[in-house]
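*Asks:* So the protein lines, in turn, are chains C and F.
Per the working numbering: the first sequence ends with 300, consecutive numbering throughout.
Per the working numbering: the second sequence ends with 300, consecutive numbering throughout.
2 protein chains.
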Amino acid sequence: MSFSTIAWEGGITSKGKVKILDQTMLPNSVCYKYIHTPLEMSEAIQALKIRGAPLIGVATAYGIALASQKAKSKKEIESAMELLANTRKTAYNVFSTLNRMKKIVGTDYNLSLLILEEAHKIKQEDELLCQKIGDAPIYLAKEKIKMVYAAETRPLLQGARLTAWELTQAGIPVTLICDSVKGVILRDKKVDFCIVGADRIAKNGDTANKIGTYTLAVLAKRHNIPFYVAAPYTTFDPTIESGDQIPIELRSADEVREIRNFEIAPKNIEVFNPAFDITPNEYITAFITEKGIIYPPFYD
Amino acid sequence: MSFSTIAWEGGITSKGKVKILDQTMLPNSVCYKYIHTPLEMSEAIQALKIRGAPLIGVATAYGIALASQKAKSKKEIESAMELLANTRKTAYNVFSTLNRMKKIVGTDYNLSLLILEEAHKIKQEDELLCQKIGDAPIYLAKEKIKMVYAAETRPLLQGARLTAWELTQAGIPVTLICDSVKGVILRDKKVDFCIVGADRIAKNGDTANKIGTYTLAVLAKRHNIPFYVAAPYTTFDPTIESGDQIPIELRSADEVREIRNFEIAPKNIEVFNPAFDITPNEYITAFITEKGIIYPPFYD
Numbered sequence: 001m002s003f004s005t006i007a008w009e010g011g012i013t014s015k016g017k018v019k020i021l022d023q024t025m026l027p028n029s030v031c032y033k034y035i036h037t038p039l040e041m042s043e044a045i046q047a048l049k050i051r052g053a054p055l056i057g058v059a060t061a062y063g064i065a066l067a068s069q070k071a072k073s074k075k076e077i078e079s080a081m082e083l084l085a086n087t088r089k090t091a092y093n094v095f096s097t098l099n100r101m102k103k104i105v106g107t108d109y110n111l112s113l114l115i116l117e118e119a120h121k122i123k124q125e126d127e128l129l130c131q132k133i134g135d136a137p138i139y140l141a142k143e144k145i146k147m148v149y150a151a152e153t154r155p156l157l158q159g160a161r162l163t164a165w166e167l168t169q170a171g172i173p174v175t176l177i178c179d180s181v182k183g184v185i186l187r188d189k190k191v192d193f194c195i196v197g198a199d200r201i202a203k204n205g206d207t208a209n210k211i212g213t214y215t216l217a218v219l220a221k222r223h224n225i226p227f228y229v230a231a232p233y234t235t236f237d238p239t240i241e242s243g244d245q246i247p248i249e250l251r252s253a254d255e256v257r258e259i260r261n262f263e264i265a266p267k268n269i270e271v272f273n274p275a276f277d278i279t280p281n282e283y284i285t286a287f288i289t290e291k292g293i294i295y296p297p298f299y300d
Numbered sequence: 001m002s003f004s005t006i007a008w009e010g011g012i013t014s015k016g017k018v019k020i021l022d023q024t025m026l027p028n029s030v031c032y033k034y035i036h037t038p039l040e041m042s043e044a045i046q047a048l049k050i051r052g053a054p055l056i057g058v059a060t061a062y063g064i065a066l067a068s069q070k071a072k073s074k075k076e077i078e079s080a081m082e083l084l085a086n087t088r089k090t091a092y093n094v095f096s097t098l099n100r101m102k103k104i105v106g107t108d109y110n111l112s113l114l115i116l117e118e119a120h121k122i123k124q125e126d127e128l129l130c131q132k133i134g135d136a137p138i139y140l141a142k143e144k145i146k147m148v149y150a151a152e153t154r155p156l157l158q159g160a161r162l163t164a165w166e167l168t169q170a171g172i173p174v175t176l177i178c179d180s181v182k183g184v185i186l187r188d189k190k191v192d193f194c195i196v197g198a199d200r201i202a203k204n205g206d207t208a209n210k211i212g213t214y215t216l217a218v219l220a221k222r223h224n225i226p227f228y229v230a231a232p233y234t235t236f237d238p239t240i241e242s243g244d245q246i247p248i249e250l251r252s253a254d255e256v257r258e259i260r261n262f263e264i265a266p267k268n269i270e271v272f273n274p275a276f277d278i279t280p281n282e283y284i285t286a287f288i289t290e291k292g293i294i295y296p297p298f299y300d
């Protein structure tokens, strides 16, 4: 990536702030915003200004760092952690971050300094991880890639606004499709493989990811096309056995009923708007991680 | 339906015009427009102001009626037929209409009168057919229906703007979903059956319908959910053996890149935007037609 999505600015021990790239404005505008409190961070994550499980993990870390600078007691840091834990429950990276921060808060050293250092470390690790993961399947292989078909990913169009845009920036040929075109693409376009991300991976390999992933997985199996999940190790949740234990965030009906405040559906119509779905392990060919490719069985 | 989508107004032998409900404005506005020439009719069909294969068949008939009122020769009527034949090539109802009109044009009687009478007849038949077909699965059974899940149907959102709205008008409970939610709905929501429409049905039962139908069919098969195609007999094309002979209309990239002139994707990004897809016969449980339910095999 040639742009930065999140950065700490200002003091090490006080008055720090976090600069974020507002992803809801891409690609029309490249807007940065400043975040000063854990509450502002939680709101930015909830509004998808910050999105993608690994980045949410980094944002959570910086949110705790902001709290620790102003906190007069451990209790205040802990309530910031509680707030951020409840912001987007599907993403496991949030909990990896919280587990690391909890260990630090358990000590009695200069907490705000240690927490900020840990947050920087989480960010650096994330950048390295994401680069390693991205490099393998897409960016390094770009000379060999004839075409990436990117689904637009309704309702919030991350596929159109972000995936398609990032691939274009990287010089990789991309064709945008509506989500309902997936079946025809897999049947007719000689697709070599599918790649999706992950928000949380259970011990048995069941994977929570952006809504539509399960549909794509069923289509890929039907057409015998390999189906890869690309995700850093921090996405693997060692505390749950299977996907049915992953909470699925239901988001607001207006995300579907409106685009940029323009009504595109009947007023007040009932909407079912899950942000994620679970893809069972049997649909997944392998996981692409920074530590290499992990093939089934996934049970250990 | 409690509203009229198309109606002939004005003179029987001259100065006739066609009043249409502009479906692109629904449900925000109920707008009617007047159509005076075959070219205007062709443009209205192309812009999806008039849509749905049976209605396109009726619109084609009235377009020919408009031509015949002003035509000084059979040739002029024939060029109007040629124009309308090329407007939306996937819909078979256009060709059913054209075949009926060709027989009339072959005679030497008062053409404009005969053509208008035939157009009225096609419209009345269509209304009766659509009512019979709709009655069976949805409207008559409405007391038994607990919930219809309607996919929004990107890019032009006919599912949100039209299907969901019409069901609501008829007092049938409906929940709107993004197209990518289909997989989760069929897996988790105890769905009893799927119903789709059709634009053209080949002799072997392969069916062209709105893009996304094939994806739904694969998901339905995966979850052992019956998959019905509801369509009038005029949608069956006796001249082709299988789905690969049905032309698929590719529509403009801007339909995907913009919503109401607001850009929702990177400028100039390549887009693959097929309006329809083909569902092979083996995915179809049965056809619901005005003549009853047709079960496989479909080969005669």
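Think of the CB as a built atom: it goes at the ideal place given N, C-alpha and C, for glycine as much as any other residue.
#1: Nearest to V216/F by alpha carbon, out of F236/C, V184/C and L55/C?
#2: What distance in whole Å lies between the Cβ atoms of V191/C and I225/C, which are believed to be in contact at a cut-off of 8 Å?
#3: Expressed to the nearest angstrom, what Euclidean distance is found between the alpha-carbon atoms of T90/F and T285/C?
#4: Is the beta carbon of L98/F within less than 8 Å of some heavy atom of the ligand ADP?
#5: Between R100/F and chain C, is there a C-beta pair that is closer than 9 Å?
#6: Measuring alpha carbon to alpha carbon, tell me which residue in Y295/F, E40/F and E263/F is nearest I64/F.
#7: So L113/F packs on I12/F, CB below 8 Å; how close in whole Å?
#8: Taking 9 Å as the CB-CB limit, is L114/C close to chain F?
#9: Measuring only between beta-carbons, confirm whether D179/C sits less than 9 Å from chain F.
#10: Less than 9 Å between CB atoms is the rule here; does K182/C satisfy it with respect to chain F?
#11: Looking at the structure shown, is I211/C part of a helix, part of a strand, or coil, going by DSSP?
#12: Less than 9 Å between the beta carbons of E263/F and N28/C, yes or no?
#13: Report yes or no: is there a C-beta of chain C within less than 9 Å of the C-beta of V304/F?
#14: Given this structure, state the Cα-to-Cα distance separating M147/F from R187/F, to the nearest angstrom.
#15: So, is the C-beta of R260/C closer than 9 Å to a C-beta in chain F?
#16: Which of helix, strand or coil does DSSP assign to K132/C?
#17: If you measure between the beta carbons of Y92/F and R200/F, is that distance less than 9 Å?
#18: Since V218/C meets chain F, which of its residues come closer than 8 Å, beta carbon to beta carbon?
#19: Would E352/C and V58/C be called neighbours here (beta carbons separated by less than 9 Å)?
#20: Within 10 angstroms of the Cβ of C31/C, are there 16 or more other Cβ atoms? Answer buried if so, exposed if not.
#21: Could you name the residues of chain F that V271/C contacts, counting a contact when the two beta carbons are closer than 8 Å?
#22: Going by the CB atoms, is the gap between A61/F and E127/F shorter than 9 Å?
#23: Pull up the distance between the alpha-carbon of L129/C and that of T289/C, whole angstroms please.
#24: Going by DSSP, which residues form a beta bridge with K72/F?
#25: Please confirm whether G212/C and V174/F have their CB atoms less than 9 Å apart.
#26: Is T279/C closer than 9 Å to A312/C when the C-beta atoms are compared?
#27: Within the 9 Å Cβ cut-off, does R51/F reach chain C?
#28: Any idea what DSSP makes of F302/F, helix, strand or coil?
#29: Three-state secondary structure (DSSP) at A141/F?
#30: If we ignore side chains and look at the alpha-carbon of each, how far apart do P297/F and V229/F end up?
#31: In this structure, what does DSSP give as the bridge partners for I200/F?
#32: Apply the 10 Å Cβ neighbour rule to T239/F and answer buried if 16 or more other Cβ atoms are within range, or exposed otherwise.
#33: How far does the beta strand (DSSP E) with G292/F in it reach, from first residue to last?
#34: So is V256/C in contact with chain F if we call contact Cβ pairs under 9 Å?
#35: Could you check whether the Cβ of A164/C sits closer than 9 Å to any Cβ belonging to chain F?
#36: If you draw a straight line from the C-alpha of G243/C to the C-alpha of K144/C, how long is it?
*Replies:* So, to answer that:
#1: Inspection of the sequence shows that residue 216/F is occupied by Leu rather than by Val. Ranking the options by Cα distance to L216/F, first place goes to V184/C.
#2: The pair is a contact, with the Cβ atoms about 6 Å apart (cut-off 8 Å).
#3: 37 Å
#4: The ligand ADP is absent from the structure shown, which contains no ligand whatsoever.
#5: no
#6: E40/F
#7: 7 Å between Cβ atoms; contact.
#8: no
#9: yes
#10: yes
#11: coil
#12: yes
#13: Residue numbering for chain F in the displayed model covers 1 to 300; residue 304/F lies beyond these limits and cannot be assessed.
#14: Distance between the alpha carbons of M147/F and R187/F is about 15 Å.
#15: At least one chain F Cβ lies under 9 Å of R260/C.
#16: helix
#17: yes
#18: Chain F residues near V218/C: G183, V218, L219 and R222.
#19: Past the boundaries of the shown model lies residue 352/C; chain C is included only from 1 to 300, so the question cannot be answered.
#20: exposed
#21: Per Cβ cutoff of 8 Å: T175, L176 and I177.
#22: no
#23: Their backbone Cα atoms lie some 8 Å apart in a straight line.
#24: Answer is none; K72/F lacks a bridge partner.
#25: no
#26: Given a span of 1 to 300 for chain C in the structure shown, any question on residue 312/C remains unanswerable.
#27: no
#28: Beyond the ends of chain F as shown, which are 1 and 300, falls residue 302/F; an answer cannot be given.
#29: coil
#30: 14 Å
#31: The question names Ile, but residue 200/F in the sequence shown is Arg. DSSP lists A208/F as partners of R200/F.
#32: exposed
#33: G292 to I294
#34: yes
#35: yes
#36: Their backbone Cα atoms lie some 34 Å apart in a straight line.
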